């Protein structure tokens with residue numbers, strides 16, 4: 001089942017593609033892959049024998065895509081490290097606060113027998 005929806009947003013369009021497979025009907029899955037490739041203008045990639053021009057064009061498209069994505073991935077990795085360190089500091093601070101609270105009320109606690 002594929003959901004292809006083009007929604008106009010000003011002068012650009014937005015497309016959502018959902019691929020689903022239950023393993024029962026490989027022809028449907030193949031059809032979904034072909035539809036997705038057609039929507040992304042990547043149909044020549046699915047042919048068994050690509051010409052040199054198509055191969056070069058596809059490699060250039062992938063290279064351009066990677067140039068755009070790499071800075072985002074590097075930023076995400078950096079932020080993940082920063083967030084991990086901040087989370088560890090928060091855990092330590094939270095533990096100190098809990099200990100401080102427990103120490104302040106410890107004297108008022110009485111054993112229940």
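Residue numbers (UniProt numbering): 1 to 113.
Every residue gets a Cβ at the ideal spot worked out from N, C-alpha and C, and that includes glycine.
Keep in mind that this is a model prediction, so the values were computed, not measured.
Simplified DSSP assignment, three categories, for residue i
{"i": "residue 65", "result": "helix"}
{"i": "residue 49", "result": "coil"}
{"i": "residue 36", "result": "helix"}
{"i": "residue 94", "result": "helix"}
{"i": "residue 42", "result": "coil"}
{"i": "residue 28", "result": "helix"}
{"i": "residue 106", "result": "helix"}
Of the residues the options, the one placed nearest residue i, counting alpha carbons only
{"i": "residue 55", "options": "42, 108, 32, 28", "result": "42"}
{"i": "residue 40", "options": "65, 52, 49", "result": "65"}
Cβ-based burial, residue i [other Cβ within 10 Å; buried from 16]
{"i": "residue 7", "result": "Residue confidence for residue 7 is low, a pLDDT of 43 falling below 50, so the modelled location carries little weight and cannot support an answer."}
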